[in-house]
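Chemist:
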Amino acid sequence: PDRVFVDPFDGLLDLALRRLRTPAAPADSFSDDPLRMLRAARFASQLGMSVDPEAIDAMANMAGRIDVVSAERIRDELVKLIMSPKPRTGLQLLVDTGLCQRFLPELPALSLEIDEHHRHKDVYEHTLTVLEQAIDLETAHEPASGPDFVLRFAALMHDVGKPRTRRLEPGGGVSFHHHEIVGAKMTRKRMQALRFDGRTIDEVAQLVALHLRFHGYGGGEWTDAAVRRYARDAGDQLVRLHKLTRADSTTRNRRKAAALQRTYDHLEQRIAVLAEAEELAAVRPDLDGNQIMGILGIGPGRQVGAAYNHLLELRLERGPMTEQEATAALLQWWEEQQG
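With our numbering, the residue at position 112 of the sequence shown is 227, and numbering never jumps.
1. Nearest CA to the CA of arginine 433: which residue from Arg281, Ala340 and Arg369?
2. Could you pull out every residue in the same chain whose Cβ sits closer than 7 Å to the Cβ of alanine 349, ignoring the five residues on either side in sequence?
3. Tell me which residue opens and which closes the alpha helix (DSSP H) that serine 160 is part of.
4. With DSSP run on the structure shown, which of helix, strand or coil describes valine 102?
5. Just to confirm, is the Cβ distance from methionine 174 to threonine 212 under 8 Å?
6. Just to check my reading of the structure: arginine 279 and valine 297 have Cβ atoms closer than 8 Å, yes? What is that Cβ distance to the nearest angstrom?
7. Between leucine 445 and valine 388, what straight-line distance do the alpha-carbon atoms span, to the nearest angstrom?
8. If you reduce the DSSP assignment to three classes, tell me which class serine 226 lands in.
9. Buried or exposed, going by whether 16 or more other CB atoms sit within 10 Å of the CB of alanine 159?
10. Just to confirm, is the Cβ distance from valine 323 to alanine 269 under 8 Å?
11. Let me make sure I understand the geometry here. Which of Asp263, Glu428 and Leu382 has the alpha-carbon closest to that of arginine 399?
12. Three or more C-beta pairs closer than 8 Å, one from the segment 194-206 and one from the segment 142-160: is that the case here?
13. How would you label glutamate 189, buried or exposed, when you count the other beta carbons within 10 angstroms and need 16 or more for buried?
14. Between glutamate 105 and the rest of its own chain, which residues show a CB-CB distance below 6 Å, the 5 nearest in sequence each way excluded?
15. Return the chain-ordered list of same chain residues with a C-beta closer than 7 Å to the C-beta of valine 319, the five sequence neighbours on each side being excluded.
16. Suppose contacts are defined by Cβ-Cβ distances below 8 Å. Is leucine 153 in contact with glutamate 187 by that definition?
17. Once DSSP output is grouped into helix, strand and coil, what is the label at serine 144?
18. Counting only runs of 4+ residues fully inside the segment 385-442, write out the alpha helix (DSSP H) ranges in chain order.
19. Rounded C-beta distance between leucine 135 and valine 183? I'm assuming under 8 Å.
20. Hey, leucine 411 and threonine 442: beta-carbon distance below 8 Å or not?
21. Here's the rule I'm using: 16 or more other beta-carbon atoms within 10 Å means buried, otherwise exposed. How should phenylalanine 124 be labelled?
22. Let me confirm a value: glycine 276 is counted as buried when at least 16 other C-beta atoms fall within 10 Å, else exposed. Which label applies?
23. Using the C-alpha atoms, what's the distance from histidine 293 back to arginine 367?
24. Would proline 141 and alanine 170 qualify as a contact pair, given that the criterion is a beta-carbon distance under 8 Å?
25. If you measure between the beta carbons of glycine 409 and valine 419, is that distance less than 8 Å?
26. Take alanine 259 and list the residues in its own chain whose beta-carbon comes closer than 6 Å to its own, dropping the five residues that flank it on each side.
27. May I ask you to report which of helix, strand or coil DSSP gives leucine 356?
28. Would you report the Cα separation of valine 210 and glutamate 240, rounded to the nearest angstrom?
29. Pop quiz: phenylalanine 311 and tyrosine 379 are said to be a contact at Cβ under 8 Å. What is the actual Cβ separation, rounded to whole angstroms?
30. Can you name, in chain order, every residue of its own chain whose Cβ lies under 8 Å from the Cβ of asparagine 176, other than the five neighbours on each side?
31. Identify the continuous alpha helix (DSSP H) that holds glycine 288 and give its terminal residues.
32. Could you check if threonine 242 is buried or exposed, using at least 16 other CB atoms within 10 Å of its CB as the buried criterion?
33. Here's the rule: buried if 16 or more other CB atoms are within 10 angstroms of the residue's CB, otherwise exposed. What is aspartate 251?
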C-alpha cells in the first residue's frame with residue numbers, strides 16, 4: 116500500500132509552530148466537553164505550546180460552561196496543571212479567560228492587591244513567582260523527589276487571605292494582619308469544594324498557616340524554645356516549610372534577598388543542632404500519662420491532658436528534664452491548680 120501521510124487538520128504545521136488547536140471549531144469542541152478548556156491550559160503548561168487565539172476567545176466566551184463539570188474532574192485536571200513543568204503559563208491563561216474565577220476565584224482576586232512588602236508588583240504576580248521559586252527548590256533536600264503538589268499548591272495559595280485582611284494604615288501604608296490564618300481557612304474550604312482528600316488539605320492548609328512564622332525570627336533573636344515550637348508546629352511539614360519560606364522572598368534588592376537567605380540558613384542550622392541533641396521531631400513531655408496519673412493520684416480525664424500539655428510547654432521552654440525535675444514541676448503546677 117502507498118504510504119501517504121494524512122493530515123486533514125494541518126497538525127504537522129501546528130506541531131512545527133508549537134500551537135494548540137482544536138480539530139473542530141473551538142466552540143463545538145468545548146461544548147462537547149467543557150473540561151477541554153482546562154485541558155488546553157494544562158497542555159500549554161505541560162508541552163510549552165501556545166493556545167490558538169480562536170481557542171482562547173472561545174474559552175473566555177464559554178467560561179461559565181465549566182460549571183457543569185464535576186468538582187472531581189476539575190480537581191484532577193488542576194492537579195495535572197500544577198504538577199506540569201511550567202504551571203504559570205496555564206494558570207495565567209485560566210485567569211485571563213475567566214475560567215479560574217469559576218473554580219479557584221482566590222487566585223484572580225490577588226491581582227487587585229498591592230503587597231506592602233513587594234510594592235513593585237501585585238500579589239498575583241508575586242504569587243506566581245513564589246510558585247516558580249518553590250518548584251526550583253523542590254529537589255533542594257531530596258534530589259530525586261520530583262514534583263510536589265502540596266508544596267506547589269501551598270505556594271499558589273499562601274497569600275489568598277490578603278484581599279480579606281487588607282487595611283489602610285494611618286501613615287498611608289497597607290497591612291494584611293493575620294492573612295496567613297484567614298488564608299489557611301480559605302484554602303481548606305476551597306480544597307474541600309474541589310474534593311481533595313483530607314490529608315492533602317491538612318498539609319497544604321498547615322503550610323499556608325505557618326508561612327509567615329519565620330518573619331518573627333528577625334536577626335536570630337528567637338530563644339531555643341521558640342525554635343523548638345517552630346519545628347514542633349511544622350511537624351512532618353518542616354522540610355516543605357523551609358522551601359516555601361525561602362521561595363516567598365521575591366524582593367529585587369539582592370542584598371536584602373541574600374540577608375533573608377542567610378537568616379534562614381541560621382534558623383535551619385539551629386533546628387538541626389537542637390534536633391540532633393534532643394530528637395526534636397519527637398518532642399514529648401518528660402512524663403507520660405500513666406506517670407502523671409500515678410504521681411497525682413488521679414484517673415483518666417481532662418486534668419491529665421492539662422498536666423500533659425503543661426509538661427510539654429516546659430519541655431519546649433527548658434529542653435529535656437530528668438524524671439525528678441519533671442515530677443517536681445508537675446507537683447508545683449498541681450498545687451497551683453488546687454489553690
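Positions of the beta carbon are idealized from the N, C-alpha and C atoms, including for glycine.
Note that the structure is predicted; figures quoted are calculated from it, not measured.
Modeler: Reading from the atomic positions:
1. Mapped onto the sequence shown, residue 433 falls at position 318. Of the listed residues, the one whose Cα sits closest to arginine 433 is Ala340.
2. Position 234 of the sequence shown, counting from 1, holds the residue named residue 349. The residues are Leu325 and Leu356.
3. Along the sequence shown, read from residue 1 onward, the residue named residue 160 stands at position 45. Counting along the chain, the alpha helix (DSSP H) containing serine 160 begins and ends at 150-162.
4. With the chain covering 116 to 454 only, the question about residue 102 has no answer from this structure.
5. The residue you call residue 174 lines up with position 59 of the sequence shown. The residue you call residue 212 lines up with position 97 of the sequence shown. Against a cut-off of 8 Å, the Cβ pair of threonine 212 and methionine 174 comes out as a contact.
6. As a position in the sequence shown, residue 279 is number 164, starting the count at 1. As a position in the sequence shown, residue 297 is number 182, starting the count at 1. That belief holds up - the Cβ atoms of arginine 279 and valine 297 are roughly 5 Å apart, short of 8 Å.
7. The residue given as residue 445 occupies position 330 in the sequence shown. The residue given as residue 388 occupies position 273 in the sequence shown. Using only the alpha carbons, I get a separation of about 28 Å.
8. On the sequence shown, position 111 is the one that residue 226 refers to. Note: serine 226 maps to helix in three-state DSSP.
9. What you label residue 159 is simply residue 44 of the sequence shown in a count that begins at 1. The residue in question, alanine 159, is buried, as its Cβ has 16 or more Cβ neighbours within 10 Å.
10. Here the question's residue 323 lines up with position 208 in the sequence shown. Here the question's residue 269 lines up with position 154 in the sequence shown. Yes, they are a contact pair.
11. Taking the sequence shown and counting its residues from 1, the one referred to as residue 399 is at position 284. Nearest C-alpha to arginine 399 among Asp263, Glu428 and Leu382: Glu428.
12. By the Cβ test, the segment 194-206 is in contact with the segment 142-160, since at least three Cβ pairs between them sit closer than 8 Å.
13. Walking along the sequence shown from the start, residue 189 turns up at place 74. Rather than glutamate, the amino acid found at residue 189 in this sequence is isoleucine. Looking at its Cβ environment, which holds 16 or more other Cβ atoms inside 10 Å, isoleucine 189 is buried.
14. Within the shown structure, residues of the chain are numbered from 116 to 454, placing residue 105 beyond reach of any answer.
15. As a first step, residue 319 is located in the sequence shown; it is residue number 204 there, counting from the start. Val265, Phe268, Ala269, Met272, Thr302 and Met306.
16. The count along the sequence shown starts at 1 and reaches residue 153 at position 38. The count along the sequence shown starts at 1 and reaches residue 187 at position 72. Their beta carbons are not under 8 Å apart, which means leucine 153 does not touch glutamate 187 by this criterion.
17. Here residue 144 refers to the residue found at position 29 of the sequence shown. Looking at serine 144 - three-state DSSP - the assignment turns out to be helix.
18. Taking only runs of at least 4 residues, the alpha helix (DSSP H) segments lying wholly in the segment 385-442 are 404-411 and 417-433.
19. Working through the sequence shown from its first residue, we reach residue 135 at position 20. Working through the sequence shown from its first residue, we reach residue 183 at position 68. Not a contact, Cβ separation roughly 23 Å.
20. The residue given as residue 411 occupies position 296 in the sequence shown. The residue given as residue 442 occupies position 327 in the sequence shown. Against a cut-off of 8 Å, the Cβ pair of threonine 442 and leucine 411 comes out as no contact.
21. Stepping through the sequence shown from its first residue, residue 124 is reached at position 9. Label assigned to phenylalanine 124: exposed.
22. For the purposes of this step, residue 276 is taken as the residue at position 161 of the sequence shown. When all chains shown are included, glycine 276 counts as buried.
23. Locating residue 367 in the sequence shown gives position 252, counting from the first residue. Locating residue 293 in the sequence shown gives position 178, counting from the first residue. If you take the alpha carbons of arginine 367 and histidine 293, they lie about 25 Å apart.
24. Taking the sequence shown and counting its residues from 1, one reaches residue 141 at position 26. Taking the sequence shown and counting its residues from 1, one reaches residue 170 at position 55. In contact: proline 141 and alanine 170 (Cβ atoms closer than 8 Å).
25. In the sequence shown, residue 409 corresponds to position 294, counting from 1. In the sequence shown, residue 419 corresponds to position 304, counting from 1. Taking the C-beta atoms as reference points, valine 419 is found no nearer than 8 Å to glycine 409.
26. In the sequence shown, the residue the question calls residue 259 occupies position 144. With a pLDDT of only 49 at alanine 259, under 50, the local geometry of the prediction cannot be trusted, and the value read off the model is given with reservation. Taken in chain order, the list of residues that qualify is empty.
27. By 1-based counting over the sequence shown, the position of residue 356 is 241. In the structure shown, leucine 356 sits in a helix (DSSP, three-state: H, G or I).
28. As a first step, residue 210 must be located in the sequence shown, where it is residue number 95. As a first step, residue 240 must be located in the sequence shown, where it is residue number 125. When rounded, the distance between both Cα atoms is 12 Å.
29. Along the sequence shown, one-based indexing puts residue 311 at 196. Along the sequence shown, one-based indexing puts residue 379 at 264. The pair is not a contact, with the Cβ atoms about 29 Å apart (cut-off 8 Å).
30. The residue you call residue 176 lines up with position 61 of the sequence shown. Around asparagine 176: Ala142.
31. What you label residue 288 is simply residue 173 of the sequence shown in a count that begins at 1. No alpha helix (DSSP H) holds glycine 288; DSSP gives it neither H nor E.
32. As a first step, residue 242 is located in the sequence shown; it is residue number 127 there, counting from the start. Its Cβ being crowded by 16 or more others within 10 Å, threonine 242 is buried.
33. Translated into positions along the sequence shown, residue 251 becomes position 136. Classification of aspartate 251: exposed, given that the 10 Å Cβ count is below 16.
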